[in-house]
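Engineer: Have a look at this one.
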Amino acid sequence: MAMSGMRGLSVFISDIRNCQNKEQERLRVDKELGNIRTRFKNEKALTPYEKKKYVWKMLYIYMLGYDVDFGHMEAVSLISAPKYPEKQVGYIVTSSLLNENHDFLRLAINTVRNDIIGRNETFQCLALTMVGNIGGREFAESLAPDVQKLLISSSCRPLVRKKAALCLLRLYRKNPDVVNVDGWADRMAQLLDERDLGVLTSSMSLLVALVSNNHEAYWSCLPKCIKILERLARSQDIPQEYTYYGIPSPWLQVKTMRALQYFPTIEDPNARRSLFEVLQRILMGTDVVKNVNKNNASHAVLFEALALVMHLDAEKEMMSQCVALLGKFIAVREPNIRYLGLENMTRMLMVTDVQDIIKRHQAQIITSLKDPDISIRRRALDLLYGMCDVSNAKDIVEELLQYLSTAEFAMREELSLKAAILAEKFAPDLSWYVDVILQLIDKAGDFVSDDIWFRVVQFVTNNEDLQPYAAAKAREYLDKPAIHETMVKVSAYILGEFGHLLARRPGCSPKELFSIIHEKLPTVSTSTISILLSTYAKILMHSQPPDPELQNQIWAIFKKYESSIEVEIQQRAVEYFELSRKGAALMDILAEMPKFPERQSALIKKAEDTEVDTAEQSAIKLRAQQQSQTSNALVVTEQSHANGTPSVGQLSLVKMPSMSSHVDGNSADPRLSPENGTLTVVDSQPSSADLLGDLLGPLAIEGPPSINVHPQPSSNPGSDGTVVEATAIVPVGEQANSVQPIGNIAERFHALCVKDSGVLYEDPYIQIGIKAEWRGHQGHLVLFLGNKNTSPLVSVQALILPPMHLKMELSLVPDTIPPRAQVQCPLEVINLHPSRDVAVLDFSYKFGNDMVDVKLRLPAVLNKFLQPISVSAEEFFPQWRSLPGPPLKLQEVVRGVRPLPLLEMANLFNSYHLLVCPGLDPNPNNLVASTTFFSESTRAMLCLIRIETDPADRTQLRMTIASGDPTLTFELKEFVKEQLVSIPTTTRIPIQQTPTSPVAQPTSAPAALTDPGAMLAALL
Amino acid sequence: MNKVLGGFGRGVGRGIIRMGIRFVLMVNKQGQTRLAQYYEYLTLDERRALEGEIVRKCLARNEQQCSFVEHRNYKIVYRRYASLFFLVGVDNDENELAILEFIHLLVETMDRHFGNVCELDIMFHLEKAHFMLEEMVMNGCIVETSKSNILTPIQLMDKTS
Chain A
1 MAMSGMRGLS
11 VFISDIRNCQ
21 NKEQERLRVD
31 KELGNIRTRF
41 KNEKALTPYE
51 KKKYVWKMLY
61 IYMLGYDVDF
71 GHMEAVSLIS
81 APKYPEKQVG
91 YIVTSSLLNE
101 NHDFLRLAIN
111 TVRNDIIGRN
121 ETFQCLALTM
131 VGNIGGREFA
141 ESLAPDVQKL
151 LISSSCRPLV
161 RKKAALCLLR
171 LYRKNPDVVN
181 VDGWADRMAQ
191 LLDERDLGVL
201 TSSMSLLVAL
211 VSNNHEAYWS
221 CLPKCIKILE
231 RLARSQDIPQ
241 EYTYYGIPSP
251 WLQVKTMRAL
261 QYFPTIEDPN
271 ARRSLFEVLQ
281 RILMGTDVVK
291 NVNKNNASHA
301 VLFEALALVM
311 HLDAEKEMMS
321 QCVALLGKFI
331 AVREPNIRYL
341 GLENMTRMLM
351 VTDVQDIIKR
361 HQAQIITSLK
371 DPDISIRRRA
381 LDLLYGMCDV
391 SNAKDIVEEL
401 LQYLSTAEFA
411 MREELSLKAA
421 ILAEKFAPDL
431 SWYVDVILQL
441 IDKAGDFVSD
451 DIWFRVVQFV
461 TNNEDLQPYA
471 AAKAREYLDK
481 PAIHETMVKV
491 SAYILGEFGH
501 LLARRPGCSP
511 KELFSIIHEK
521 LPTVSTSTIS
531 ILLSTYAKIL
541 MHSQPPDPEL
551 QNQIWAIFKK
561 YESSIEVEIQ
571 QRAVEYFELS
581 RKGAALMDIL
591 AEMPKFPERQ
601 SALIKKAEDT
611 EVDTAEQSAI
621 KLRAQQQSQT
631 SNALVVTEQS
641 HANGTPSVGQ
651 LSLVKMPSMS
661 SHVDGNSADP
671 RLSPENGTLT
681 VVDSQPSSAD
691 LLGDLLGPLA
701 IEGPPSINVH
711 PQPSSNPGSD
721 GTVVEATAIV
731 PVGEQANSVQ
741 PIGNIAERFH
751 ALCVKDSGVL
761 YEDPYIQIGI
771 KAEWRGHQGH
781 LVLFLGNKNT
791 SPLVSVQALI
801 LPPMHLKMEL
811 SLVPDTIPPR
821 AQVQCPLEVI
831 NLHPSRDVAV
841 LDFSYKFGND
851 MVDVKLRLPA
861 VLNKFLQPIS
871 VSAEEFFPQW
881 RSLPGPPLKL
891 QEVVRGVRPL
901 PLLEMANLFN
911 SYHLLVCPGL
921 DPNPNNLVAS
931 TTFFSESTRA
941 MLCLIRIETD
951 PADRTQLRMT
961 IASGDPTLTF
971 ELKEFVKEQL
981 VSIPTTTRIP
991 IQQTPTSPVA
1001 QPTSAPAALT
1011 DPGAMLAALL
Chain B
1 MNKVLGGFGR
11 GVGRGIIRMG
21 IRFVLMVNKQ
31 GQTRLAQYYE
41 YLTLDERRAL
51 EGEIVRKCLA
61 RNEQQCSFVE
71 HRNYKIVYRR
81 YASLFFLVGV
91 DNDENELAIL
101 EFIHLLVETM
111 DRHFGNVCEL
121 DIMFHLEKAH
131 FMLEEMVMNG
141 CIVETSKSNI
151 LTPIQLMDKT
161 S
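Read top to bottom, the protein sequences are chains A and B. Heads up: the first sequence begins at 1 in full-length UniProt numbering, then just goes up one per residue. Heads up: the second sequence begins at 1 in full-length UniProt numbering, then just goes up one per residue.
Right, here's the structure in full:
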């Protein structure tokens, strides 16, 4: 009686089976789906039997991988069928086809509940099973108490209770907030006294979930678990049906030992002793037997016992016993046991005392690295990776490299990454490290990420002893016929920097180096061409006296790439060409790269972050603990970039020569710039942006727009309006500074008033970046002090001059900023009461003979303590009316307003967190805005603003401001006025010493440029 | 002893509750699915992709290789009976051998009912295969391992129909 007599179904299945190909199968399935659809259209005419038949067909079709997007209703409706066979099909098919979020499921909730609380045991089981498989929140809400009751009911038979246990598990896992398990510890303990092994098996799964969530509450269950384990181990009262090849339910044994691993430890000496007796018996008494099933089952128990012993931190003797067992397992031929031996040995690495014993098995583990089975090779790789330390790194890494040549594609990436990490962490000497990485690039270049070769360059640059060796190695690889592009990059870079150290060796003259590198150029990508151009420039610089032939060759190349469409290549070509004609000056500019600041390896960090399987992860964590990573304020770590930042992070690991040359050029002697003014125009742009990338990599700090970078101010200070503006806020005393700022300080300040990160100040030596977070009346700022040079900045001092209304606390600023390092100084701000006064940072440092002292306004301005709030008409007008007049509501006619289209004005308001509420004012020429102001005295206070403009005269308007605090109203009114009237720099800086204050020129062009709004207006 | 890591820590404080068995598949040696039971919801596309990948990985393996295949972030424990492969997807820290023997228990249970079960039995009695599995696994956990208990509901159904 095929398919319980469902002949149509059997025919369908036969048809499918006889289909010659997928196309035929699809046709047959489509036909059947059409048939079912037609039948279901007239649902009333269907008997439950027919419905059942079609629903099974649907499940069958679904299993074959075809979408069944109808008939769900019919499947669900079968649940309410009165007879067992139909109901059963309804439940099973529903839980296969639907998920917990399906709407139809809700329709069945009442029927399901009735089945659960009803008297029919078989119906109870069906309903509990379905809820246990797909029950969602609504089921948890309406059924959890019933299910809990069933589980502990003494009148309920085991067959129902075992299902209730797993049903409850599902509801609890999915909705721990709905299912109340408080006070369940006692019930669970009671439940564990159960004799029925089916109930125990499922209750143990429930216990694991409960204990893993809160083991404290379930201590009382611990001795019960040990009792169960003893009962099974001694075969006491175990029905034949639960004995599997002579072993009392191996699954329950495993599950019980698993539950015990969720308790952190076992304090009670008696419980501990009984448990260790059982474990000892398992460890000693498990023999290899002929019958595969019996062997597997007993080893399943054994491996779980091993895990539990490791977890419990047993006595040393027992631990050594475990390692000995595992050592035996990794040498057996049976692949399953070998696999598990390797896997568990990796876990065993967690126990420090046994690592030396594990190392004794190294040769055996390496054999498994060559096993024909990839599963076993992966385990061996993980284990080798985990057990690697300084003592065995050379052997292990060399094995990995050897294996790399033959490894399948799927494993190469992991292998290269692991080899690179181990080489870096445990290198006995750095030349070996360089060897390993070059070999890696050679054998598996595709899998060597940029991080890896950047790291090599960092090491070589920072270690002089290593440079000739690395250069010689790089030169060797270039002789190979077909080398990977990454090898071209790294060799070209190293030879550019250090090739001259080889000059006396055969084949290493500048000319020869150039020609062998240049051979590779036609086959490489644009990013590599940029590196090659830098290398050529460096080779040229090192060929002294200049070889005219080489010079002409290289110049010809620079000339050729001057018209490259790749802007990076073009720029390098132009600059190098110009530079290389400067003769001696070239030497300084193209000198060797300075040392890199110490950083955490991006590679190791990545490895730590990568979500890998548990065994591997634990190994990495363990390594990370052994190798305490240095971390201080100077370590720049890679982080995900905030929105919109160019991803300079990766590249910032290595400074390309061209970038450095700018910096060096600037820093070597900034007073050079008047002489080679044209040069500065070209290169000051990338230098600031790139340096920013390097120093401020992880931050979303935007560099100044390139138009802001004018070299003129520095060359002829004080000769025109722009310069006055640029230096306007640098008090007169600082005119003595021989160091000129890069970019316009006032513009930078204004820009920072409307955004939260950016550059506050920059000169040839230092860059001060700022990043701020504002919450209510508090602000958390970080100052980033980046030394752009190769020598330290000393006598660094930062003093905050806070206005009355701000409480500011700057963390300690170090006296010295090391070369090319960045220091982060947090600055906490608390706003006490409303005021437009501005805080000033008095910053000074010494570089060589230059003493620099600048006073910089900090963008902790009034609008930072505003939060836009949207107000409806119903809220606005009562508020507006409740504040009748002065001093809470102030009105003023403002003249001399910068003419702005209404839309621009709205944008300006919004940028200051004054949220414009469109449509509130019926007059289209008016604007209404609202905001919340935060300070300690006012707390959160609503502010309302109304602007009435005159379309006939855009230079005047009437402004009304209201709030619940008179000072706030006044300050806000003045603040808004300042933004509308074009006053370039506020006159309210506390330490206003500027004699040439440009207040008197409100409409002059340069002044208007300081304000972003004005700039916009000027553009329009 | 190394206490830094708080013992071997089977997820003490880990907070992630795992489900154990994620799916049970029966596939013939041509790679055709004969039974598929998932304990976590996957869309049809996800199922198709997953079954394809698994079949490609496991069916190519030989008798000398172990019964465990690592796939994505979980493991497949599999066993072959004549033309039929039983594949069980489990979490990484599940006890592999226990699952391997659980497959055998399932096969023995089917044997007891069908008498030397074969691919055709499962094809043409898909509902019974499902009923048996449902008695054995629920919500990704083992619920029953006694063959007579597993088969009781099916016998009941045979009697009523």
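All C-beta atoms, glycine included, are put in the ideal place defined by N, C-alpha and C.
Cys58 (chain B) touches chain A at which residues, Cβ-Cβ below 9 Å?
Structural biologist: Numbered from its first residue, the second sequence carries residue 58 (chain B) at position 58. Under the 9 Å cutoff, chain A gives no residues; its nearest Cβ is about 10 Å from Cys58 (chain B).
Engineer: Hey, Tyr74 (chain B) and Arg34 (chain B) are a contact pair by Cβ (cut 8 Å); roughly how many whole angstroms apart?
Structural biologist: As a first step, residue 74 (chain B) must be located in the second sequence, where it is residue number 74. As a first step, residue 34 (chain B) must be located in the second sequence, where it is residue number 34. Between Arg34 (chain B) and Tyr74 (chain B) the Cβ distance is about 21 Å, and since that is not below 8 Å, they are no contact.
Engineer: Expressed to the nearest angstrom, what Euclidean distance is found between the alpha-carbon atoms of His805 (chain A) and Ala952 (chain A)?
Structural biologist: The sequence position of residue 805 (chain A) within the first sequence is 805, counting from 1. The sequence position of residue 952 (chain A) within the first sequence is 952, counting from 1. Going by the C-alpha atoms only, they are around 40 Å apart.
Engineer: With DSSP run on the structure shown, which of helix, strand or coil describes Val852 (chain A)?
Structural biologist: Walking along the first sequence from the start, residue 852 (chain A) turns up at place 852. Looking at Val852 (chain A) - three-state DSSP - the assignment turns out to be strand.
Engineer: Along the chain, which unbroken stretches of the alpha helix (DSSP H) at least 4 residues long are found entirely within the UniProt domain "AP complex mu/sigma subunit" (21–160) of chain B?
Structural biologist: Those alpha helix (DSSP H) runs which fall completely within the UniProt domain "AP complex mu/sigma subunit" (21–160) of chain B and span 4+ residues are 44–59, 96–114, 119–124, 126–136, 147–160.
Engineer: Across the segment 140–151 of chain A and the segment 175–194 of chain A, are there enough close Cβ pairs to call them in contact, namely three or more that are closer than 8 Å?
Structural biologist: Output reads yes: the segment 175–194 of chain A touches the segment 140–151 of chain A.
Engineer: Taking only beta-carbon atoms, is Glu304 (chain A) less than 8 Å away from chain B?
Structural biologist: For this step, residue 304 (chain A) is matched to residue 304 along the first sequence. Closer than 8 Å to some Cβ of chain B, the Cβ of Glu304 (chain A) qualifies, so yes.
Engineer: When DSSP builds the beta bridges, which residues end up paired with Tyr244 (chain A)?
Structural biologist: Taking the first residue of the first sequence as 1, we reach residue 244 (chain A) at position 244. A:Ile247.
Engineer: Under three-state DSSP, which class holds Trp774 (chain A)?
Structural biologist: Residue mapping note: residue 774 (chain A) aligns to position 774 of the first sequence, counting from 1. Strand at Trp774 (chain A).
Engineer: By the three-class DSSP mapping on this structure, what secondary structure does Leu169 (chain A) have?
Structural biologist: Here the question's residue 169 (chain A) lines up with position 169 in the first sequence. If DSSP states are grouped into helix, strand and coil, Leu169 (chain A) belongs with the helices.
Engineer: Thinking just about the alpha-carbon of each residue, which of A:Leu383, A:Thr790, A:Ala410, A:Leu799 is nearest to the one in Asp815 (chain A)?
Structural biologist: Numbered from its first residue, the first sequence carries residue 815 (chain A) at position 815. Answer by Cα proximity: A:Leu799.
Engineer: I'd like to know whether the C-beta of Gln30 (chain B) is nearer than 8 Å to at least one C-beta of chain A.
Structural biologist: On the second sequence, position 30 is the one that residue 30 (chain B) refers to. Not closer than 8 Å to any Cβ of chain A, the Cβ of Gln30 (chain B) fails to qualify, so no.
Engineer: Have a look at Pro48 (chain A) and Gln37 (chain B) and give me their C-alpha separation to the nearest angstrom.
Structural biologist: Within the first sequence, residue 48 (chain A) is the residue found at index 48, counting from 1. Within the second sequence, residue 37 (chain B) is the residue found at index 37, counting from 1. Roughly 24 Å between the two C-alpha positions.
Engineer: Between residue 1074 (chain A) and Asp842 (chain A), what straight-line distance do the alpha-carbon atoms span, to the nearest angstrom?
Structural biologist: Outside the shown range of chain A (1 to 1020) lies residue 1074 (chain A), about which nothing can therefore be said.
Engineer: According to DSSP, is Asn926 (chain A) helix, strand or coil?
Structural biologist: Translated into the one-based positions of the first sequence, residue 926 (chain A) becomes position 926. Three-state DSSP puts Asn926 (chain A) in a strand.
Engineer: For Ala217 (chain A), go through chain B and note every residue whose CB falls closer than 7 Å to its CB, in chain order.
Structural biologist: In the first sequence, counting from the first residue as 1, residue 217 (chain A) sits at position 217. Per Cβ cutoff of 7 Å: no residues; Ala217 (chain A) is ~14 Å from chain B at best.
Engineer: Report the residues of the segment 234–250 of chain A with a CB closer than 8 Å to any CB of chain B, ordered along the chain.
Structural biologist: Answer in chain order: Pro239, Glu241, Tyr242, Tyr244, Ser249, Pro250.
Engineer: Looking at chain B, is there any beta carbon in it that lies within less than 8 Å of the beta carbon of Thr47 (chain A)?
Structural biologist: The count along the first sequence starts at 1 and reaches residue 47 (chain A) at position 47. With 8 Å as the cut-off, Thr47 (chain A) does not count as an interface residue toward chain B.
Engineer: Measure the C-alpha to C-alpha separation of Glu46 (chain B) and Gly89 (chain B) and round it to an integer number of angstroms.
Structural biologist: Indexing the second sequence from 1 puts residue 46 (chain B) at position 46. Indexing the second sequence from 1 puts residue 89 (chain B) at position 89. Cα to Cα, Glu46 (chain B) sits roughly 14 Å from Gly89 (chain B).
Engineer: Determine the DSSP secondary structure at Ala736 (chain A), reduced to helix, strand or coil.
Structural biologist: Position 736 of the first sequence, counting from 1, holds the residue named residue 736 (chain A). Annotation note: pLDDT 47 at Ala736 (chain A) (below 50); position unreliable, no value reported.
Engineer: With 8 Å set as the bound, which would you pick, yes or no: does the beta-carbon of Asp395 (chain A) sit closer than that to a beta-carbon of chain B?
Structural biologist: Within the first sequence, numbered from 1, the residue matching residue 395 (chain A) stands at position 395. No, because no Cβ of chain B sits closer than 8 Å to the Cβ of Asp395 (chain A).
Engineer: Of all Cβ atoms in chain A, is any one closer than 8 Å to the Cβ of Cys67 (chain B)?
Structural biologist: Mapped onto the second sequence, residue 67 (chain B) falls at position 67. Residue identity check: residue 67 (chain B) is Ser in the sequence provided, not Cys. Output row for Ser67 (chain B): interface = yes.
Engineer: One question on the structure: do Ala419 (chain A) and Val397 (chain A) come within less than 8 Å of each other, judged by their Cβ atoms?
Structural biologist: The residue you call residue 419 (chain A) lines up with position 419 of the first sequence. The residue you call residue 397 (chain A) lines up with position 397 of the first sequence. Result yes, Cβ atoms of Ala419 (chain A) and Val397 (chain A) sit closer than 8 Å.
Engineer: Which residues, in chain order, does the segment 83–115 of chain A contribute to contact with chain B at a C-beta distance below 8 Å?
Structural biologist: Cβ contacts with chain B: Lys83, Tyr84, Pro85, Gln88, Val89, Ile92, Ser96, Asn99, Glu100.
Engineer: Return the Cβ separation of Leu856 (chain A) and Val840 (chain A) in integer angstroms, given the expectation that the two are a contact with Cβ distance under 8 Å.
Structural biologist: Residue mapping note: residue 856 (chain A) aligns to position 856 of the first sequence, counting from 1. Residue mapping note: residue 840 (chain A) aligns to position 840 of the first sequence, counting from 1. Yes, Leu856 (chain A) and Val840 (chain A) are in contact; Cβ-Cβ is about 7 Å, under 8 Å.
Engineer: Does DSSP classify Ser844 (chain A) as helix, strand or coil?
Structural biologist: Translated into positions along the first sequence, residue 844 (chain A) becomes position 844. Note: Ser844 (chain A) maps to strand in three-state DSSP.
Engineer: Please state whether the Cβ-Cβ distance between Tyr765 (chain A) and Phe847 (chain A) is less than 8 Å.
Structural biologist: On the first sequence, position 765 is the one that residue 765 (chain A) refers to. On the first sequence, position 847 is the one that residue 847 (chain A) refers to. Cβ distance < 8 Å, so Tyr765 (chain A) and Phe847 (chain A) count as in contact.
Engineer: Pull up the CB-CB distance for Met487 (chain A) and Ile441 (chain A), whole angstroms please, since I reckon it's below 8 Å.
Structural biologist: As a working mapping, residue 487 (chain A) is identified with position 487 in the first sequence. As a working mapping, residue 441 (chain A) is identified with position 441 in the first sequence. Sure, about 5 Å apart at Cβ, within 8 Å.
Engineer: Any Cβ of chain B within less than 8 Å of the Cβ of Lys418 (chain A)?
Structural biologist: Your numbering for residue 418 (chain A) matches position 418 in the first sequence. No - not a single Cβ of chain B is within 8 Å of the one on Lys418 (chain A).
Engineer: Please decide whether Cys141 (chain B) counts as near chain A, where near means a Cβ-Cβ distance under 8 Å.
Structural biologist: Residue 141 (chain B) sits at position 141 when you count from the first residue of the second sequence. Interface residue, yes.
Engineer: On the three-state DSSP scale, how would you describe Lys511 (chain A)?
Structural biologist: Here residue 511 (chain A) corresponds to residue number 511 of the first sequence, with the count starting at 1. The answer is helix: DSSP assigns Lys511 (chain A) an H, G or I state.
Engineer: Arg79 (chain B) CB to nearest chain A CB: under 8 Å?
Structural biologist: On the second sequence, position 79 is the one that residue 79 (chain B) refers to. Output row for Arg79 (chain B): interface = no.
Engineer: Quick one: measure Cβ to Cβ for Leu100 (chain B) and Arg72 (chain B), integer angstroms, because I've assumed they're closer than 8 Å.
Structural biologist: The count along the second sequence starts at 1 and reaches residue 100 (chain B) at position 100. The count along the second sequence starts at 1 and reaches residue 72 (chain B) at position 72. No, Leu100 (chain B) and Arg72 (chain B) are not in contact; Cβ-Cβ is about 20 Å, not under 8 Å.
Engineer: So Ile61 (chain A) packs on Glu86 (chain A), CB below 8 Å; how close in whole Å?
Structural biologist: One-based indexing of the first sequence puts residue 61 (chain A) at position 61. One-based indexing of the first sequence puts residue 86 (chain A) at position 86. In fact, because the Cβ distance is near 20 Å, the residues do not count as touching under 8 Å.
Engineer: Under 6 Å Cβ to Cβ from Ile529 (chain A), same chain only, skipping five residues before and after it: list those, please.
Structural biologist: Here the question's residue 529 (chain A) lines up with position 529 in the first sequence. These residues qualify, in order along the chain: Ile569.
Engineer: Take Ser83 (chain B) as the anchor and find which of B:Asn95, B:Val117, B:Leu105, B:Glu96 has the nearest alpha-carbon.
Structural biologist: The residue labelled residue 83 (chain B) in the question sits at position 83 within the second sequence. Minimum Cα distance to Ser83 (chain B) is reached at B:Val117.
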